[in-house]
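Encoded as structure tokens, the structure appears first; notes follow it.
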Amino acid sequence: MNEKTLVAQALEKVLGEHLTLEEITNSIERPKVSEHGDLAFPAFPLAKIMRKAPQMIAQEIAEQIEPSEDYTVKPIGPYVNFFLNKAEISEATLSEIVEKQNHYGNQTIGNNGMIPIDLSAPNIAKPMSMGHLRSTVIGNSIALLVEKLGYQPYKINYLGDWGTQFGKLIVAYKKWGSEQAVIANPIKELLRLYVDFHEKAETDPSLEEEGRAWFKKLEDGDAEALHLWKWFRDESLKEFQRVYDLLEVEFDSYNGESFYNDKMDAPIQILEDMNLLVSDRGADIVDLTKYDLNPALIRKSDGATLYITRDLASALYRKKEYNFVKAVYVVGNEQSIHFKQLKAVLKEMGNDWADDIIHVPFGLITKDGKKLSTRKGKIVLLEKVLGEAMTLAQSQIEEKNPTLENKEEVARQVGVGAVIFHDLKNDRMNSFDFKLEEVVRFEGETGPYVQYTHARCASILRKTNWHPAAGQSYALNDAESWEVVKLLKDFPSVIEKAAAKYEPSVIAKYVIDLAQTFNKYYAHTKIVNDDEQQDARLALVYSVKTVLKEALRLLGVHAPEEM
Ligand code: ARG
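In the working numbering, the protein residues as written are 67 to 629.
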């Protein structure tokens, strides 16, 4: 049972005639300063009922509470303050972590329910943007979080691999492209062709016509068009794969937009049968007035389908295929309306499970306060950013620990980890500015700082050659270790909160807090001191190391043993 419930029950025995257990539980606070104990019950709301000064009420309650081994009680002003039994709680918490190790915080509440997660989803023949990076790392962390709670995540990379742009690309390639150039540098070359096409089309409108014709051929299954499209897709994917390998993110499916080419008739048929399609100047729309939304355009007057038509087909497919408990879409905030419309149309079609569709939006990454744009080749190439982060990490390691073995691998884990951590540490809706030098710093609220704290714990345990063993006591009762123990004890509920809000930043903020609190403890306490609490202090170091590593893992970041 948790301490709050314990304290609430003790208070109920005294206050049962005035307040319910729930009311008591809800009013219990965590004092801001540790001199006021760990939990506090405010007496002033009782003043009216009991017709006494709150200070006196607090005094009386404190006197009537039954003595317990779990806490001591002390009235401070209008509050009844509870000081938890540090030794008992540290013993229980550290024993649990030492026993469960990286399984600490695991739960089965998910009951193996499936959660498809739509993440990354870059567009073929275009560079992966920082927005796609955000989707990739946020989605990956959400997958790890829900898995920790016993759900089955299923990561889908819904590639942008279909659309009129492929007609234009085919035209540009046939006119101005070369095979070698595409193979040597697929995305750069395809982007060049695409940009070229648009520049030339400004003065030569017949190009647009040609592009449309080639897209029509592609849709009709023309062999040459299909061959080129598939080749563009394969070459682009190879390049994306290099980034995924660096990030160590894997996908269960690469079913992108093209996968739904033959699956859009079903939703359209249902909409027709249900009389939900309204003709509007030759186009077919679904009216969403009652949802306070603009109508969803399902089919253009020339018969062409749209982004939302595919997402309707993909949602139906995912429900049928995975029978999901939740379907998560990690996509930038600028697509919020799209997902609102998608849910509304699904709801109109009579699908109650439309409510289980969760759009997890996020803000932009900016550079010097300005939006990063993919147009006109003004792009931040992800691979370049990751490469620079690794180089910077390498030079930091070179300076701090020149004799470290496997320096390159550690530099990769630190550099890439720094970029991921930086992305995840802010509430996902916040936009943030990207300054590489800040990302890879070993101090401040950074990934490397947390990794460094983990490595410090590893080093202490190596030097003392400490291992958990039966018969050790983990009872700590000093004020400094108590701050660390409380955080360790919180970890399972922190995971739950992060998963419930689809918010990896909850974990990132927690892990910074834990690292800072531990470093304060470390600066203040002699860990190796050959007294009866030494095992307990080392068990604390061991537990901090275990939880830091597991929390970083949930963010998709490695924790090297040395750095
Ligand atoms: N490819 C799209 C883009 O880059 C994102 C796709 C998101 N997923 C979805 N099911 N709509 O904007």
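Each residue gets a CB set at the ideal place from its N, CA and C atoms; glycine is no exception.
Within the same chain, show all residues whose beta-carbon is closer than 7 Å to that of S100, passing over the 5 residues directly before and after it, in chain order. A545
Residue from E285, V344 and I336 whose Cα sits closest to the Cα of D328: E285
Let me check understanding here. Comparing Cα to Cα, which of K392, R619, M629 and D358 lies closest to N206? R619
Check: A267 C-beta below 7 Å from any heavy atom of ligand 1: no
Is D377 buried or exposed, if buried means 16 or more other CB atoms sit within 10 Å of its CB? buried
Just to confirm, does P188 get its C-beta within under 7 Å of one of the non-hydrogen atoms of ligand 1? It does: the Cβ of P188 is within 7 Å (strictly closer) of some heavy atom of ligand 1.
If you measure between the beta carbons of A565 and V212, is that distance less than 8 Å? yes
Alpha-carbon to alpha-carbon, L257 and G443: Any reading at G443 needs caution, since the residue's pLDDT is 41, under 50, leaving its predicted position unreliable; the model's value is listed next. G443 and L257: Cα-Cα distance of roughly 8 Å.
Using only the heavy atoms of ligand 1, determine whether one of them is closer than 7 Å to the beta carbon of S645. Coverage of the chain is limited to positions 67 through 629, which leaves residue 645 absent and any answer about it impossible.
Let's see if you can read the secondary structure: which residues bound the alpha helix (DSSP H) around A158? Looking at the DSSP string, the run of the alpha helix (DSSP H) that includes A158 is K152 to K166.
Apart from the five residues on each side of it in sequence, which residues of its chain come closer than 6 Å, Cβ to Cβ, to L342? Within the same chain, L342 has close Cβ partners V352 and E414.
If we ignore side chains and look at the alpha-carbon of each, how far apart do P333 and G416 end up? 12 Å
I want to know whether the region 148-155 touches the region 118-138 - three or more CB-CB distances under 8 Å. yes
Complete runs of the beta strand (DSSP E) confined to the region 230-305 [at least 3 residues]: none
Write down the C-beta distance between I181 and V394 rounded to the nearest angstrom, noting that I regard them as a contact closer than 8 Å. 6 Å
Looking only at its own chain, which residues have a Cβ that is under 6 Å from the Cβ of E316, when we skip the five neighbours before and after it? none
DSSP three-state call for E135: helix, strand or coil? coil
Could you check whether G143 and Q121 sit closer than 8 Å to each other, using their CB atoms as the reference points? Yes, these two residues count as a Cβ contact at 8 Å.
Whole-angstrom distance between K266 and L259, CA atom to CA atom: 10 Å
Mapping DSSP to helix, strand and coil, what is E474? In the structure shown, E474 sits in a helix (DSSP, three-state: H, G or I).
Just mark A119 as buried or exposed, buried being the case when its beta carbon has 16 or more other beta carbons within 10 Å. exposed
Report the rounded CA-to-CA distance for P193 versus V610, giving the unit in angstroms. 40 Å
Can you give me the Cβ contacts of S324 inside the same chain, cut-off strictly under 7 Å, excluding the 5 residues immediately before and after it? D227 and W228
Per DSSP, which residues does H14 bridge with? Please list them. What the structure shows of the chain is the stretch from 67 to 629, and residue 14 is not part of that stretch, so it cannot be assessed.
Please go through the region 464-525 and give each complete alpha helix (DSSP H) segment of 4 or more residues, from N-terminal end onward. 473-491 and 502-505
K329 (DSSP reduced to helix, strand or coil): coil
Rounded to the nearest angstrom, how far is the Cβ of V550 from that of F500, given a contact under 8 Å? With a Cβ gap of about 32 Å, V550 and F500 do not count as contacting.
Pick from I249, D184 and L294: whose alpha carbon is nearest that of V237? L294
Start-to-end residues for the beta strand (DSSP E) that takes in L210: No beta strand (DSSP E) contains L210, which is instead part of the alpha helix (DSSP H) from M196 to K214.
Round the Cβ separation of Q407 and A362 to the nearest angstrom and send it over; I've been treating them as touching at under 8 Å. The Cβ separation is near 4 Å, so the contact holds.
Stretch-stretch touch, CB-based, cutoff 8 Å, three pairs: the region 508-522 with the region 477-490: The region 508-522 vs the region 477-490: in contact.
Rounding to the nearest angstrom, what Cα-Cα distance links I208 and Q479 in this structure? The straight-line gap from Cα to Cα measures roughly 20 Å.
Indicate, with yes or no, if ligand 1 has a heavy atom lying under 7 Å from the CB of V397. yes
Could you check what DSSP says for R96 in three-state terms: helix, strand or coil? coil
With which residues is N417 paired in a DSSP beta bridge? Note: N417 sits in no beta bridge, so no partner.
Going by Cα to Cα distance, which pick from E301, E290, G233 and I204 is closest to A247? The shortest Cα separation from A247 among E301, E290, G233 and I204 belongs to E301.
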